[in-house]
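Once you know that position 29 of the sequence shown is 29 in full-length UniProt numbering, the rest is easy, because the numbers rise by one and skip nothing.
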Amino acid sequence: MKKAMLVLSAAPMMNKVGILTGVTFMGYDLTEIAAFQEAEVRKNRFMAVVSHELRSPLHGIIGLVESLCNSEKDEVRAKKMRMVKNCATRLLDLVVSIMDMASSLDAQKTGTASKQLCRDPVELPKIIDEIVTLIKSSTDKRGKSMVKPDVELINNAKAMPIIEADAYKCTQVFYNIITNACKFTMKGTVTVSSQVDSDNQWVEVSMTDTGIGVARVSLDRIFEPFEQEDSSDGRCQEGIGLGLSIAKEVVERHGGRITVESELGVGTTFLVRLPVVMAADRTQTPELDTQVPEVLQRSVVPKSVARSPSTLPRRPFVLSVDDDIVNQTVIEDVLKDKYDIHMAMDGHEALEYIETCEVLPDVVLLDVMMPGISGIEVCRTVRQKLQTSEIMLPILMISASVMGTAIVDAFEAGCNDFVTKPLQRQVLMARIQSALNIKMQHEKEVAKLKKLESEPCDPLSSGVRRRM
Numbered sequence: 001m002k003k004a005m006l007v008l009s010a011a012p013m014m015n016k017v018g019i020l021t022g023v024t025f026m027g028y029d030l031t032e033i034a035a036f037q038e039a040e041v042r043k044n045r046f047m048a049v050v051s052h053e054l055r056s057p058l059h060g061i062i063g064l065v066e067s068l069c070n071s072e073k074d075e076v077r078a079k080k081m082r083m084v085k086n087c088a089t090r091l092l093d094l095v096v097s098i099m100d101m102a103s104s105l106d107a108q109k110t111g112t113a114s115k116q117l118c119r120d121p122v123e124l125p126k127i128i129d130e131i132v133t134l135i136k137s138s139t140d141k142r143g144k145s146m147v148k149p150d151v152e153l154i155n156n157a158k159a160m161p162i163i164e165a166d167a168y169k170c171t172q173v174f175y176n177i178i179t180n181a182c183k184f185t186m187k188g189t190v191t192v193s194s195q196v197d198s199d200n201q202w203v204e205v206s207m208t209d210t211g212i213g214v215a216r217v218s219l220d221r222i223f224e225p226f227e228q229e230d231s232s233d234g235r236c237q238e239g240i241g242l243g244l245s246i247a248k249e250v251v252e253r254h255g256g257r258i259t260v261e262s263e264l265g266v267g268t269t270f271l272v273r274l275p276v277v278m279a280a281d282r283t284q285t286p287e288l289d290t291q292v293p294e295v296l297q298r299s300v301v302p303k304s305v306a307r308s309p310s311t312l313p314r315r316p317f318v319l320s321v322d323d324d325i326v327n328q329t330v331i332e333d334v335l336k337d338k339y340d341i342h343m344a345m346d347g348h349e350a351l352e353y354i355e356t357c358e359v360l361p362d363v364v365l366l367d368v369m370m371p372g373i374s375g376i377e378v379c380r381t382v383r384q385k386l387q388t389s390e391i392m393l394p395i396l397m398i399s400a401s402v403m404g405t406a407i408v409d410a411f412e413a414g415c416n417d418f419v420t421k422p423l424q425r426q427v428l429m430a431r432i433q434s435a436l437n438i439k440m441q442h443e444k445e446v447a448k449l450k451k452l453e454s455e456p457c458d459p460l461s462s463g464v465r466r467r468m
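Right, here's the structure in full:
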């Protein structure tokens, strides 16, 4: 028997002199609305699972092939491995784009489109410079440079105020537009430039190319999902037509605007206009402390910190927690030369190990999404158990998700850092070393305090302790 959701309301009926003459009853059948809401919840869960299941194997492939490339001395085999990595990376980009678009369309339908934006301090010139550098060294599926031999990619982006925006999404916007310009420009230039309005309220970034241009009749549909001016079997360029639609959707969610001007055979100019400060209703992501935005922008730990020598009397010991053996293998390949590693295949195994081991690990690498008990719950449980202890146990959360909510949940659970998949060797090593440096500094401070407490309690030493 199906459950029904009914709402019944009653209101008194009064005559002109205020005497009760009856009661009006109104009934509403909300069964279909409740079923729709439940279906939306199930669909969102399904999308999250599908996203994870599609990305995880690709992250594993990319990580394993990168490890093989680093150790391969035969250049022919190394080249083929790099081709495998490039194919997996393109497929990962495609999966991310499709899942982003599906999430966006669903959010627009349910009126929640603005809830997934982060408030990061964003330096657009820095992001654009990194994108230009990346594109200049990138190749397409044919193994040819993304920037054609007769094309010059020019970055004229000037200094701009730091804006409040989602750093990851902004990177996605400009990467999509600039790569799109490079695809369709066979000769000439692709130029990125910027300016700020007179009131310092808006920033504008323009991307102008001397490419093939877009026909006037096609300008209205280039921002539509899965739309391409040429979708025939003989089309010259790869892709499924999501890049520009994602760029437009992200810019508008920030309260900005994206426009395009083009002339067939002459070239195209895209103009992105973003507010310096996002409107209050653009995001509901919780505010983070001052150190979190640096992590949200996925900046690498400074070399001066990452290369600090360890003072541990032994090889550092890392506990890696992930239910995917491929991911575990990638981590082992990255760390085995410098660290001792113990693998736990789920959250329960990790908690049991931490509770029963004679010596706690120096660092924990903890995957967010695992069956049974999630990485968030494992982190929260560990912090509760160690909250009265002098022991510092750095926890680095690892996830395929770069959404602000996932990162916020991880830090609120008590993690020390957040690393995104696919894992990059240098980034992971730097983050682990940074965590070890902080742990060693903490242990030194604890040792100093214990030494002071063990000294004879004379007036001078008491005064020193009081001042400390």
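C-beta atoms are modelled at their ideal positions from N, C-alpha and C, and glycine is treated no differently.
In the DSSP secondary-structure assignment, D29 is bridged to L6. In this structure, I163 lies away from V217, with their beta-carbon atoms at least 7 Å apart.
With a 10 Å radius around the Cβ and a threshold of 16 neighbouring Cβ atoms, K439 comes out buried.
Three or more beta-carbon pairs drawn from the stretch 53-67 and the stretch 321-338 are found closer than 8 Å, and the two stretches are therefore classed as touching. Assignment of Q424 by DSSP, reduced to helix, strand and coil, places it in the coil class. Taking one beta carbon from each stretch, the stretch 72-79 and the stretch 335-348 have fewer than 3 pairs nearer than 8 Å; the two do not touch. For G267, the pairing in a beta bridge is given by DSSP as E263. The Cβ atoms of T24 and M14 do not sit closer than 7 Å to each other. K3 and T31 have their C-alpha atoms some 8 Å from each other. DSSP places I163 inside the beta strand (DSSP E), whose first and last residues are I163 to A165. Boundaries of the beta strand (DSSP E) harbouring N155: V151 to N156, taken from the DSSP string. Restricting attention to I62, D120 and L58, the CA atom closest to the CA of V95 is found in L58.
In this structure V205 touches F174 by the C-beta definition: roughly 7 Å separates them, less than 8 Å. Residue environment for R55: buried (at least 16 other C-beta atoms within 10 angstroms of its C-beta). Distance from the Cα of N86 is smallest, within the candidate group S137, S9, K450 and Q195, for S137. The Cβ atoms of S198 and A157 do not sit closer than 7 Å to each other. Excluding five sequence positions before and after A413, the CB atoms of its chain that fall closer than 6 Å to its own CB belong to I376, C379 and R380, given in chain order.
Annotation: the continuous alpha helix (DSSP H) that includes Q328 extends over I325 to L335. Of the candidates M392, A406 and I391, the residue whose Cα lies closest to the Cα of I398 is A406. Here L436 really is in contact with D362; their C-beta atoms are around 6 Å apart, less than 8 Å. Judged by beta-carbon spacing, S401 lies beyond the 7 Å limit of L365, meaning their Cβ atoms are not closer than that value. By the neighbour-count criterion, in which 16 or more other beta carbons inside 10 Å mark a residue as buried, E249 falls on the buried side. Closest by C-alpha distance to Q201, out of L274, V147, Y168 and L264, is L274. Between S262 and the set F270, G255 and G256, the nearest pair of CA atoms involves F270. Selection R253, V190, P316 and T420 evaluated against Y339 yields P316 as nearest (Cα-Cα). Where D129 is concerned, the enclosing alpha helix (DSSP H) starts and stops at L124 to K136.
Per DSSP, the beta-bridge partners of H342 are L319. Short of 8 Å from the beta carbon of V446, and not among the five residues preceding or following it, lie these beta carbons of its own chain, in chain order: E390.
Cβ atoms of T210 and T189 come within 8 Å of each other, at about 6 Å. The beta carbon of V132 is closer than 8 Å to those of L153, N155, I178 and V192 in its chain, skipping five residues each way along the sequence. At the C-beta level, I341 and V359 stay beyond 7 Å of one another. Within a 10 Å sphere around the beta-carbon of A35 sit fewer than 16 other beta-carbons, which makes this residue exposed. When the alpha-carbon of G243 is set against those of R253, C182, K187 and S97, the nearest one is in S97.
Taking the Cα positions, K144 is about 25 Å away from I246.
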